[in-house]
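Visitor:
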Amino acid sequence: MRTLAYAALIASVPTVAIAGTACPTPEPIATGAITQPPPLLTDAPRVTAAEIAASPALTRITSRGAVLYRLKEEHGLRGVFARTGDQFRVFYLTPDDQAEIGGVMWDASGHNVTRAQVAEIPGAIPTAHWAPASLPSSSANDDLPHSDAVVDPVARLAAAHFGVDGRQNAPRVYMIIDPLCPFSTRAFGALQPYVESGKLQLALVPVAINDHENGGASTPAAMQMLSAPSQEMARAWRRISDVGHAVPGQEPDAASSAELTLNLAAAHAVKMRGTPTLIWKDKTGTSRQETGMPDDIAQFLASLPS
């Protein structure tokens, strides 16, 4: 997650991604910077000193100066909005007040509960958006589906910019990745045995959604991947992963910025929630989509065409 002013305080708290296997898009944020922060959140209910003293979890959160505000209890968990300067993080407390969970709460319908909770706090919803506001000017874009159209995710990604890793006749699985998302990197490594054995071919679709967390390093890394030939993109990603950023001295192609914008538009069109996102056609010809690594690899592989 983002580095906060009280980062040392929450170092022991696990970061939360979608299903624990993906880097979430910036929209469902539970940490971040308050934009144009008000002098004091006087209208928000403060957590009292007595409540903090009675709760080991709240005591830990405030030990480095965070100010706490109450959020509405959801699904049996009390929420708190922890603010240090213009930085914030949302925590949920366990019923015994011994532990805190930092992250995003989603309900069964896919509603972002956390975002709704903090929406009333002035400046808490970030202004950064991962989806591009517009596409590069090109007559080719006239054929792209509009945002309100029904989109076949496989067909949409087939028109994106990607690199292939695996045998040519293997079933293709599109994998939308941020090159600096650790979950993307782990998924890529976990799928390598199946790529090498010919059970699937990965079509890597680079995007950049983690710039808000890594100081803008994802964009040059994604552009560097897009500058590599299709068959070399996986190797370029491995080199980037080795150093943790774009490889110095390798300038991206002039077209890579537009290609990245188009890939972000494709990710937005298929309603990507985080990286990695896997998209493929199953044996019946139905498009399938999953955020993060599949829970059941065997079932995932069995769904691929022979």
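Position one of the sequence shown corresponds to residue 639 (the numbering used here), numbered consecutively onward.
Backbone N, C-alpha and C fix where the C-beta goes; we use that ideal spot for every residue, glycine too.
Leaving out the 5 sequence neighbours to the left and right, which residues in its chain are closer than 8 Å to A866 when beta-carbon positions are compared?
Guide: G801, R873, A874
Visitor: Quick check on this structure: which residue in A859, L898, V833, L829 has the alpha carbon closest to the alpha carbon of G930?
Guide: L829
Visitor: If we ignore side chains and look at the alpha-carbon of each, how far apart do A797 and T823 end up?
Guide: 23 Å
Visitor: What residue range does the alpha helix (DSSP H) around D803 cover?
Guide: Run containing D803: none in the alpha helix (DSSP H); it sits in the beta strand (DSSP E), 801-803.
Visitor: Please report the distance separating the alpha-carbon of I815 from that of F729.
Guide: 27 Å
Visitor: Is the closest heavy atom of the ligand FMN to the C-beta of A904 under 7 Å?
Guide: As for the ligand FMN, it is missing from this structure, which has no ligand bound.
Visitor: Please name the residue, chosen from V685, L916, G923, V705, that lies closest to A660 on a Cα-to-Cα basis.
Guide: L916
Visitor: Strictly by DSSP, which residues pair up with K919?
Guide: S925
Visitor: Tell me, please, whether the CB atom of T857 is closer than 8 Å to any CB atom in chain C?
Guide: The chain inventory of the structure shown lacks chain C, comprising one protein chain alone.
Visitor: Tell me the rounded alpha-carbon separation between T686 and K909.
Guide: 41 Å
Visitor: Which residues mark the beginning and the end of the beta strand (DSSP E) in which V811 is found?
Guide: 810-815
Visitor: When you compare only the Cα positions, how much space is there between L715 and Y707?
Guide: 15 Å
Visitor: Here's a check: name, in chain order, each residue in its chain whose Cβ is nearer than 8 Å to the Cβ of V843, leaving out the five neighbours to either side.
Guide: L795, A798, H799, F800, Y812, M813, I814, I815, N901, A904, A905
Visitor: Judging by CA-CA distance, which residue of G854, L942, Q927 is the nearest neighbour of H883?
Guide: The residue with the shortest Cα to Cα distance from H883 is G854.
Visitor: State the DSSP-derived secondary structure class of N750, mapped to helix, strand or coil.
Guide: strand
Visitor: Can you list, in chain order, the residues of its chain whose CB lies under 6 Å from that of S894, leaving out five sequence neighbours each side?
Guide: M861, L864, S865
Visitor: Go ahead and pull the three-state DSSP assignment for T823.
Guide: Secondary structure of T823 (DSSP, three-state): helix.
Visitor: Are the beta-carbon atoms of T899 and I847 separated by less than 8 Å?
Guide: Taking 8 Å as the Cβ cut-off, T899 and I847 do not qualify as a contacting pair.
Visitor: List the whole-angstrom C-beta distance separating P683 from R911, where the pair is believed to meet the contact cut-off of C-beta under 8 Å.
Guide: Not confirmed; about 31 Å, so no contact.
Visitor: Going by DSSP in three states, I739 sits in which element: helix, strand or coil?
Guide: strand
Visitor: Can you give the Cα-Cα distance for T857 and E897, rounded to whole angstroms?
Guide: 11 Å
Visitor: Just to confirm the assignment, what range does the beta strand (DSSP E) spanning V685 have?
Guide: V685 -> no beta strand (DSSP E), and no H or E assigned at all.
Visitor: Whose CA, out of E851, S701, T732, lies closest to the CA of P817?
Guide: E851
Visitor: Starting from V718, follow the alpha helix (DSSP H) in both directions and report where the run begins and ends.
Guide: V718 -> not in any alpha helix (DSSP H); beta strand (DSSP E) instead, spanning 715-722.
Visitor: On the DSSP bridge assignment, give the partners of G912 in chain order.
Guide: P662
Visitor: Tell me whether the beta-carbon of V833 lies closer than 8 Å to the beta-carbon of D803.
Guide: yes
Visitor: If you follow the alpha helix (DSSP H) that Q937 is part of, which residue opens it and which one closes it?
Guide: 935-941
Visitor: For R702, which three-state DSSP category applies?
Guide: coil
Visitor: Check the C-beta distance from R805 over to Q839 and give it rounded, since I have them as a contact under 8 Å.
Guide: About 6 Å separates the beta carbon of R805 from that of Q839, a gap short enough to meet the 8 Å contact definition.
Visitor: If you run the structure through DSSP and keep just helix, strand and coil, what is L829?
Guide: helix
Visitor: Thinking C-alpha only, which one of I935, E870, T922 is nearest A825?
Guide: I935
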